[in-house]
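In C-alpha cells form, the structure reads like this:
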C-alpha cells in the first residue's frame, strides 16, 4: 500500500557526503534536500570541512546549520539500520547487491515504513566511494545514465545526483504499511561484531591460514551480508565472546 | 505504452534555457543532458550569452559545442511540435494546464513516440519564465517539492531542475541494471553449518552458559536468518572449523 512519506519518515533519512571537496557542491546538496523536505545532512572528512563557505547556499541554511561532521564513515552511520552506497558502477568489481534508483527507492521506503534509519552515502566528486567506504554499505544504488561511445564511465555532478535520488524517493511518496519485518541491527552494532569476528579469526589462526579472506573490508562485508536483526546481533556477539574466551587457552578456563 | 526511448527520440527533445544568467548553471545543464543522453540545447538571451565560460563544464563539451543561440523564445521553439514550460507554480495565476513531472514525462514520451519535437523551457534562475514566455507553451510541468512553513515558493537550482526533469523522462525507458541477486546457499549446506555451529557452542561452553538460546531449532533458525549466499557458506564453514580446531586445546595445535 502506498502513501505519502511523513515528515517523520523523511527525518529517518541521513544524506552522508564522504570527502566532498567543493563547498558549492555541499551547498547544492543542502538546497536539494531542502527542496524535497529532507533535513539531516552528515559530512565525513578527514580534514577541516570547507563548510562555512557552503552556508550561503540559497534556502539551505537550516539543513547546513543542523549538519553533523564526522571523522569516519563508521561513526557517521553508526545509528543507522540501513546503509546505502551510491555508485556510477564502472570498473569496480562490485561485491554488493546493486539496484537501479527506482527499485532502490522502493527498498528504502520499505525500511522507512519499518521505522528504519537510512543512510544514503555519496562519495567524493572525483573518485566516488572507495572500496573501504563501500564496505560499510548494505547494498548499492546507481542512477541509470547514458552509455557514451567514448566508453568513459559517466558520473553525475554531486548536487544533481543527490537531487535526482531524493526526487525519486519522494516521487511516489510511498509507504508500505503492515508486513512486519523484524527490526534490523544498527550499523554501529554490526561494526562491533566485525571487530569481534576479526579478533576471533586472528586468535584461532584463521587469518594466518586464509589471508585472502581477511582484509578489513571483506570481513565487514561478510558480516553485513548476514543481514542481522536487532535481536540476533547480541546473540552473535555472545557466541563470538565465548569463542574468544575459550581460545585464551587453559589458564583462563577456570573463570568461565 | 512504455518502452525504451531511442537516441533518435532523445534527439527530438530540445532543452531551452531562457535568460539563464550564470555560466556555471548553463554548464551544469549541459552536463545533466550529457549524463542522460540528450544532445540539443538552445539558449535564449537578449544580450550576449555568457556562453564561452560554460564550455569548461565536465563532459558537457559536445552539448555546448552544438548549442543554438536565439534572440527570442518564438525563434527557439519554431520547429517544435510541443512546447512545455517548467514552473515552480507560485503566485502566477496559471492560464495553462499544469502537470506534475511524472505525468508530464509520460505525455512528452507519447509525443516523442509520435515523432514530435518537444521543447522543454526553463526560465531564469531568479524569476522563472515570464507570462509572455509561458504564452509560447502548450502546457506546463512542475517538479513536486516540499512546502515549507516560511511560505516562500520553493524554486530549484537550475542544473538540478533540468537533471530531475530529464531523469524522469528517461526513467522508465532504460535497461534496468539486471538486479544481481547472488545465489543462495542450499538447505543442505545450511544444515551442515547448523551442525558445526552446534558443536562450536558446546565446545566453547556457550551452551552451558546460555542454554535458553541453544535448542536445535533455535540454532537452525539463527543460521537460516543469516540468509547466506552459496559463496559465503563455505567461508563460514571454514571459520567454524578453525574455531573447533583451536578449541581442541594445545595438544592438537601442532597439526594445524
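Protein chains in written order, with the working numbering: chain H, 1 to 256; chain Z, 257 to 512.
Even for Gly, the Cβ is constructed at its ideal location relative to N, Cα and C.
Closer than 8 angstroms to chain H by CB, residue i
| i | result |
| --- | --- |
| residue 320/Z | no |
| residue 498/Z | yes |
| residue 328/Z | no |
| residue 286/Z | no |
| residue 402/Z | yes |
| residue 267/Z | no |
| residue 333/Z | no |
| residue 454/Z | no |
| residue 324/Z | no |
| residue 413/Z | yes |
| residue 462/Z | yes |
| residue 466/Z | yes |
| residue 420/Z | yes |
| residue 478/Z | yes |
| residue 363/Z | no |
| residue 502/Z | yes |
| residue 485/Z | yes |
Cα-Cα separation, residue i to residue j
| i | j | result |
| --- | --- | --- |
| residue 6/H | residue 99/H | 24 angstroms |
| residue 478/Z | residue 64/H | 42 angstroms |
| residue 495/Z | residue 239/H | 13 angstroms |
| residue 103/H | residue 275/Z | 37 angstroms |
| residue 422/Z | residue 193/H | 43 angstroms |
| residue 199/H | residue 169/H | 39 angstroms |
| residue 369/Z | residue 290/Z | 21 angstroms |
| residue 279/Z | residue 329/Z | 19 angstroms |
| residue 416/Z | residue 171/H | 15 angstroms |
| residue 432/Z | residue 292/Z | Low confidence applies to residue 432/Z: its pLDDT is 37, below 50, so where it sits in the model is not reliable enough to give any reading. |
| residue 229/H | residue 452/Z | 22 angstroms |
| residue 286/Z | residue 414/Z | 11 angstroms |
| residue 9/H | residue 62/H | 18 angstroms |
| residue 380/Z | residue 371/Z | 29 angstroms |
| residue 134/H | residue 483/Z | 20 angstroms |
| residue 21/H | residue 59/H | 21 angstroms |
| residue 25/H | residue 43/H | 12 angstroms |
| residue 220/H | residue 209/H | 19 angstroms |
| residue 487/Z | residue 96/H | 13 angstroms |
| residue 324/Z | residue 148/H | 22 angstroms |
| residue 27/H | residue 383/Z | 21 angstroms |
| residue 130/H | residue 233/H | 27 angstroms |
Below-8 angstroms beta-carbon distance, residue i vs any chain Z residue
| i | result |
| --- | --- |
| residue 160/H | yes |
| residue 121/H | no |
| residue 87/H | no |
| residue 213/H | yes |
| residue 232/H | yes |
| residue 84/H | no |
| residue 237/H | no |
| residue 169/H | no |
| residue 102/H | yes |
| residue 35/H | yes |
| residue 201/H | yes |
| residue 81/H | no |
| residue 174/H | Caution is warranted here: a pLDDT of 40 is assigned to residue 174/H, below 50, making its placement in the model unreliable, and no coordinate value can be reported. |
6 angstroms Cβ shell around residue i - same chain, five flanking residues per side excluded
| i | result |
| --- | --- |
| residue 269/Z | 294, 374 |
| residue 144/H | 100 |
| residue 411/Z | 344 |
| residue 207/H | 201, 214 |
| residue 138/H | 82, 83, 224 |
| residue 105/H | 168, 169 |
| residue 396/Z | 341, 343, 352, 354 |
| residue 132/H | 217 |
Beta-carbon proximity list for residue i, same chain, < 8 angstroms, skipping 5 on both sides
| i | result |
| --- | --- |
| residue 335/Z | 373 |
| residue 66/H | 39, 40, 41 |
Beta-carbon proximity list for residue i, same chain, < 7 angstroms, skipping 5 on both sides
| i | result |
| --- | --- |
| residue 77/H | 16, 83, 119, 136, 187 |
| residue 302/Z | 327 |
| residue 267/Z | 295, 296 |
| residue 480/Z | 446 |
| residue 419/Z | 288 |
| residue 248/H | none |
Any chain A beta carbon closer than 8 angstroms to residue i
| i | result |
| --- | --- |
| residue 226/H | Chain labels in this structure do not include chain A; the protein chains are H and Z. |
Checklist line | Whole alpha helix (DSSP H) elements within the stretch 335-417 of chain Z, 4-residue minimum | finding: 357-369, 387-390
Checklist line | 3 or more residues per run - each beta strand (DSSP E) lying fully within the stretch 162-221 of chain H | finding: none
Notebook entry, point to check: Are the stretch 186-199 of chain H and the stretch 74-93 of chain H touching, with three or more C-beta to C-beta distances below 8 angstroms?
Noted result: yes
Check: Are at least three pairs of beta-carbons, each pair with one atom in the stretch 196-203 of chain H and one in the stretch 228-248 of chain H, less than 8 angstroms apart?
Finding: yes
Check: Which parts of the stretch 266-310 of chain Z are runs of the alpha helix (DSSP H), unbroken and 4 residues or longer, counting only runs that do not cross its ends?
Finding: 279-292
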